[in-house]
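Q: Protein chains in written order, with the UniProt record's numbering: chain A, 1 to 278; chain B, 1 to 245.
Before anything else, here's the structure in question.
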Amino acid sequence: MFRNQYDTDVTTWSPAGRLFQVEYAMEAVKQGSAAIGLRSKSHVVLACVNKSNSELSSHQKKIFKVDDHIGVAISGLTADGRVLSRYMRNECINYFYSYESQLPVGRLVVQLADKAQVCTQRSWKRPYGVGLLVGGLDESGAHLYYNCPSGNYFEYQAFAIGSRSQAAKTYLERKFETFMESSRENLIKDALFALRETLQGEKLTSSTCTIAVVGVGEAFHILDQETVQALINEFEIAGEEAPADEAAAPDQADDSESSATAADQVTPSDPDVAPMDM
Amino acid sequence: MNSFDSNPATNSLISSEADSQRTLYPYVTGTSVVGIKYKDGILLAADMGGSYGSTLRYKSVERLKPVGKHSLIGASGEISDFQEIMRYLDDLILSDNMWDDGNSLGPKEVHNYLTRVMYNRRNKFNPLWNSLVLGGVKNGQKYLGTVSMIGVHYEDNHVATGFGNHLARPLLRDEWRENLTFEEGVILLEKCMRVLLYRDRSAVNKLQIAKITEEGVTISPPYSLKTFWNFSAFENPTHGAEGSW
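So, in structure tokens, the structure goes:
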């Protein structure tokens, strides 16, 4: 993307019908470290790569519990992500106070999307620079949504955002058809494999990643380090290849003709298509 | 009801210019509502009387109403406040439907919402002068609860308002059981309503029974209970009462 005369203001359209500030905000999401989500009929797993400024500092918190039945993984400007998480927690608590019942994920996601949209239509505001993978349970089952700075939201079987997320998406596209019926353990295993793809050769250990689960009868919680390390060891994936699938041949070549429920990531250098028009 | 005194001396502690807008005492009131859980859902019964003080003035007041797809509400107390509550509930259900997302408010959510409304009004010293019964079925789960004008709320297998608490609940405590059939439930409710008709002076002999199941709501057309007045004690009611005539 290049600087041009239509990108100073979020309320300025370009002649091609694009809002560049919003697109730049989506770039910020792509720069953040990877976050992945997958869901089955009864569970949602969120996983993310831990990024820290230096070896001396702790890593940034990227997964937030919003309520017992909802959690969110963020990528992009973590400060924006924190603020939005606080908003989501507030909405859940307020709903529970009035109705003594859990806020349906689908409704929370719409409220979040409407909040993001406002920032694309006020000259004194800027879009939130964070993408959110919202995973949760409600009456109609387990759901995974992606909320975008543009104010759009989509429901997914599995998705990945942030830097090097394409590698994870490729893995997920191969396997997503099995997720709906997957067991909790296999879902977590697939999350770890997908996460490993984004590390591009770096070792996958419990200190470089965070995993969180929510499911029927299981409140949203982040798995502790020992559990994660045990899972990694159990699956023996620290340095090994992902197992060959039953369906696809063990060729790691992209079998991604079957574009998943996941929206394709249009390469940013394409000047003709605005990424948010999906 | 008269225990809530309208003595101006006590009112002045909390009075303001908007005093003329606060509910101080009820004018047109409905009497008891009785509700029970049965095999397929909930049954509610209420008569159709609207009393104006001691006058039985209005005799076709519908005190049982459906709320959304999954709930039924029955109200006793000030009828105009009940109409106001129905407006709130209609707005609530409308907003819920406008999401158009497959989720819907069940009886538990509506009951809790009403509790919040009633309690908040009570805190502002401007109550909605009602006792409400809220029943419904959602996803096979039966729910029956009640809220009073001061925000007291609870759920049970059988609930009642007003005189129903004193005359109907004892009968229900003895005779209610799990999984009553519809016919058994109606017989039980009619027994309660008959006792109320004999003993509650604000009761009128014209009632409706409402049923809610997973399939939906049915409110019966109005009908009357058979009564028997030929008890020998009624022939000479003051027989044996010293000093009476």
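Beta carbons are placed, not taken as given, at the ideal position from N, Cα and C, and that holds for glycine.
To the nearest angstrom, how far is it from the Cα of Y58 of chain B to the Cα of L196 of chain B?
A: By one-based count along the second sequence, residue 58 of chain B stands at place 58. By one-based count along the second sequence, residue 196 of chain B stands at place 196. Cα to Cα, Y58 of chain B sits roughly 18 Å from L196 of chain B.
Q: Could you check if S244 of chain B is buried or exposed, using at least 16 other CB atoms within 10 Å of its CB as the buried criterion?
A: By one-based count along the second sequence, residue 244 of chain B stands at place 244. Its Cβ having fewer than 16 others within 10 Å, S244 of chain B is exposed.
Q: By how many angstroms is the C-alpha of Y198 of chain B removed from the C-alpha of H239 of chain B?
A: For this step, residue 239 of chain B is matched to residue 239 along the second sequence. For this step, residue 198 of chain B is matched to residue 198 along the second sequence. Near 20 Å, if we compare the C-alpha coordinates of Y198 of chain B and H239 of chain B.
Q: Round the Cβ separation of T146 of chain B and Y154 of chain B to the nearest angstrom and send it over; I've been treating them as touching at under 8 Å.
A: Residue numbering aside, residue 146 of chain B sits at position 146 when the second sequence is read from its first letter. Residue numbering aside, residue 154 of chain B sits at position 154 when the second sequence is read from its first letter. Sure, about 6 Å apart at Cβ, within 8 Å.
Q: Cα-Cα, which of B:I150, B:D40, B:Q83 and B:T181 is closest to N123 of chain B?
A: Taking the second sequence and counting its residues from 1, the one referred to as residue 123 of chain B is at position 123. Comparing Cα-Cα distances from N123 of chain B to each of B:I150, B:D40, B:Q83 and B:T181, the minimum goes to B:I150.
Q: Sort out for me which residues DSSP pairs T55 of chain B with in a bridge.
A: Position 55 of the second sequence, counting from 1, holds the residue named residue 55 of chain B. Note: T55 of chain B sits in a beta bridge opposite B:Y52.
Q: Can you find a CB in chain A that lies within less than 8 Å of the CB of G140 of chain B?
A: Locating residue 140 of chain B in the second sequence gives position 140, where the first residue counts as 1. Chain A contact via Cβ: absent.
Q: Can you find the residues in the same chain that come closer than 6 Å, C-beta to C-beta, to A219 of chain A, ignoring five residues on each side of it along the sequence?
A: The residue given as residue 219 of chain A occupies position 219 in the first sequence. Excluding positions up to five away in sequence, the list reads D68.
Q: Which ranges would you report for the beta strand (DSSP E) in the segment 116-164 of chain B if only whole runs of at least 3 residues count?
A: List check, beta strand (DSSP E) in window: 130-138, 141-147, 153-155 and 158-160.
Q: Buried or exposed for W124 of chain A, please, with buried defined as at least 16 other CB atoms from any protein chain shown within 10 angstroms of its CB.
A: Within the first sequence, numbered from 1, the residue matching residue 124 of chain A stands at position 124. Looking at its Cβ environment, which holds fewer than 16 other Cβ atoms inside 10 Å, W124 of chain A is exposed.
Q: Per the contact definition of three or more C-beta pairs closer than 8 Å, is the segment 99-115 of chain A in contact with the segment 57-65 of chain A?
A: No contact exists between the segment 57-65 of chain A and the segment 99-115 of chain A.
Q: If you run the structure through DSSP and keep just helix, strand and coil, what is T227 of chain B?
A: Start at 1 with the first residue of the second sequence, and residue 227 of chain B comes out as number 227. In this structure, T227 of chain B counts as coil in the three-state DSSP scheme.
Q: Would the beta-carbon of L56 of chain B fall within 8 Å of that of L64 of chain B?
A: On the second sequence, position 56 is the one that residue 56 of chain B refers to. On the second sequence, position 64 is the one that residue 64 of chain B refers to. Not in contact: L56 of chain B and L64 of chain B (Cβ atoms no closer than 8 Å).
Q: Can you tell me whether P104 of chain A is buried or exposed? The criterion is at least 16 other CB atoms within 10 Å of its CB, across all chains shown.
A: Here residue 104 of chain A corresponds to residue number 104 of the first sequence, with the count starting at 1. Buried, because 16 or more other Cβ atoms sit within 10 Å of the Cβ of P104 of chain A.
Q: Quick one: what does DSSP say R39 of chain A is sitting in, helix, strand or coil?
A: Position 39 of the first sequence, counting from 1, holds the residue named residue 39 of chain A. Reduced to three states, the DSSP call for R39 of chain A is strand.
Q: Alpha carbon to alpha carbon, what distance is there between V213 of chain A and D255 of chain A?
A: One-based indexing of the first sequence puts residue 255 of chain A at position 255. One-based indexing of the first sequence puts residue 213 of chain A at position 213. Only weak support is given to the placement of D255 of chain A: the predicted model assigns it a pLDDT of 39, under 50, and the question is left unresolved by the model.
Q: State yes or no: is the C-beta of residue 351 of chain A within less than 8 Å of the C-beta of V45 of chain A?
A: What the structure shows of chain A is the stretch from 1 to 278, and residue 351 of chain A is not part of that stretch, so it cannot be assessed.
Q: Within its chain, find whatever has a CB closer than 6 Å to the CB of H70 of chain B; leave out the 5 residues flanking it on each side and keep chain order.
A: For the purposes of this step, residue 70 of chain B is taken as residue 70 along the second sequence, with counting starting at 1. Excluding residues within five positions, the ones whose Cβ falls inside 6 Å are G106, P107, G136 and K138.
Q: With burial defined as no fewer than 16 other Cβ atoms inside 10 Å of the residue's Cβ, what is the status of M88 of chain A: buried or exposed?
A: As a working mapping, residue 88 of chain A is identified with position 88 in the first sequence. By the neighbour-count rule (16 or more Cβ atoms within 10 Å), M88 of chain A is buried.
Q: Could you check how far apart the C-beta atoms of G131 of chain A and G76 of chain A are, in whole angstroms? I think they sit under 8 Å.
A: What you label residue 131 of chain A is simply residue 131 of the first sequence in a count that begins at 1. What you label residue 76 of chain A is simply residue 76 of the first sequence in a count that begins at 1. Contact flag correct, Cβ pair sits at about 6 Å.
Q: Cutting at 8 Å between CB atoms, please list the residues of its own chain near R201 of chain B, excluding the five before and the five after it.
A: Numbered from its first residue, the second sequence carries residue 201 of chain B at position 201. Around R201 of chain B: S54.
Q: In three-state terms, what does DSSP make of E78 of chain B?
A: As a working mapping, residue 78 of chain B is identified with position 78 in the second sequence. The answer is strand: DSSP assigns E78 of chain B an E or B state.
Q: With 8 Å set as the bound, which would you pick, yes or no: does the beta-carbon of S98 of chain A sit closer than that to a beta-carbon of chain B?
A: The residue given as residue 98 of chain A occupies position 98 in the first sequence. By this cut-off, S98 of chain A is an interface position.
Q: Give me the subset of the segment 107-125 of chain B whose CB atoms are less than 7 Å from a CB atom of chain A, sorted by chain position.
A: For the segment 107-125 of chain B, which is checked against every Cβ of chain A, the residues closer than 7 Å are K108, E109, N112, Y113 and R116.
Q: Give the range of the alpha helix (DSSP H) segment to which S75 of chain A is assigned.
A: Your numbering for residue 75 of chain A matches position 75 in the first sequence. Note, S75 of chain A: premise wrong, no alpha helix (DSSP H); beta strand (DSSP E) at I70 to G76.
Q: For L19 of chain A, which residues in the same chain have their Cβ closer than 7 Å to its Cβ, ignoring the five residues on either side in sequence?
A: Residue mapping note: residue 19 of chain A aligns to position 19 of the first sequence, counting from 1. These residues qualify, in order along the chain: V10, W13 and T120.
Q: What residues in the segment 122-147 of chain A have a beta carbon less than 8 Å from any beta carbon of chain B?
A: Cβ contacts with chain B: D138, E139 and S140.
Q: With 16 as the cutoff for other CB atoms within 10 Å, does F234 of chain B come out buried or exposed?
A: Within the second sequence, numbered from 1, the residue matching residue 234 of chain B stands at position 234. Exposed.
Q: For the segment 74-105 of chain A, which residues have a beta carbon sitting closer than 8 Å to at least one beta carbon of chain B?
A: Answer set for the segment 74-105 of chain A: Y97, S98, Y99, E100, S101 and P104.
Q: Kindly indicate if chain C contains any beta-carbon less than 8 Å away from that of N97 of chain B.
A: Absence of chain C from the displayed structure is noted, the protein chains being A and B.
Q: Quick one: which chain B residues come within Cβ less than 8 Å of R107 of chain A?
A: To locate residue 107 of chain A, count along the first sequence from 1; it is residue 107. Residues of chain B passing the Cβ test: W99, D101 and N103.
Q: Considering only their Cβ atoms, is the gap separating K142 of chain B from I42 of chain B smaller than 8 Å?
A: Here residue 42 of chain B is taken as the residue at index 42 of the second sequence, counted from 1. Here residue 142 of chain B is taken as the residue at index 142 of the second sequence, counted from 1. Their beta carbons are under 8 Å apart, which means I42 of chain B touches K142 of chain B by this criterion.
Q: Compare the beta carbon distance of L171 of chain B and I36 of chain B with 8 Å and say whether it is the shorter of the two.
A: As a working mapping, residue 171 of chain B is identified with position 171 in the second sequence. As a working mapping, residue 36 of chain B is identified with position 36 in the second sequence. Contact: no.
Q: Hey, how far is the Cα of R122 of chain A from the Cα of Q21 of chain A?
A: The residue labelled residue 122 of chain A in the question sits at position 122 within the first sequence. The residue labelled residue 21 of chain A in the question sits at position 21 within the first sequence. So the two alpha carbons sit approximately 12 Å from each other.
Q: Residues in the same chain with beta-carbon distance under 8 Å from C92 of chain A, minus the five sequence neighbours each way, listed in chain order, please.
A: Within the first sequence, residue 92 of chain A is the residue found at index 92, counting from 1. Cβ neighbours of C92 of chain A beyond the five flanking positions: V66, D67, I70, Q102, L103 and L108.
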